[in-house]
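Visitor: Reading the sequence shown from the start, the letters are residues 164 to 271 in the numbering used here.
Where a beta carbon is used, it is the ideal one built from N, C-alpha and C, also for glycine.
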Amino acid sequence: MKHIGNALLFVTGLIVFTSCEKVISLDLPEGQQLIYADAWISDSPGVHTIRLLESVNYQSQSQPQPIADANISVTDITANKTYSFNYTNGSYVYDPGAGKSIGVIGHK
164 MKHIGNALLF VTGLIVFTSC EKVISLDLPE GQQLIYADAW ISDSPGVHTI
214 RLLESVNYQS QSQPQPIADA NISVTDITAN KTYSFNYTNG SYVYDPGAGK
264 SIGVIGHK
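(1) In its own chain, which residues sit with a C-beta less than 6 angstroms from the C-beta of Thr241, not counting the 5 before and 5 after it?
(2) Please report the distance separating the alpha-carbon of Ala170 from that of Cys183.
(3) Would you report the Cα separation of Ser205 and Thr251, rounded to the nearest angstrom?
(4) Whole angstroms are fine: how far does the CA of Ser218 sit from the CA of Asp190?
(5) For a minimum of 3 consecutive residues, which ranges assigned as the beta strand (DSSP E) are wholly contained in the segment 195 to 248?
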């Protein structure tokens, strides 16, 4: 009886973990390339990074390309401070210094 249970469990597992795979080729229109920012500014000390990228089509195998010729700055309206980011290795970075941060909770 135990062998029948094991065999039944094996067959059930085989059915569950075996699936059919059919490639569906979608004919999607070429979309407009958009510029977007990938960033996270926090109150944690350290270097803050912003990536400015140009989008790629949904089915594209290529990676989004960085935009290198932009002027990126972040302004803390509450403190009336502006932080200019510099382009380095595909990202815009700002280093506030050791143990410092540009993000302040509650500021706009």
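Guide: So, to answer that:
(1) His270, Lys271
(2) 22 angstroms
(3) 20 angstroms
(4) 19 angstroms
(5) 198 to 202, 211 to 217, 235 to 239
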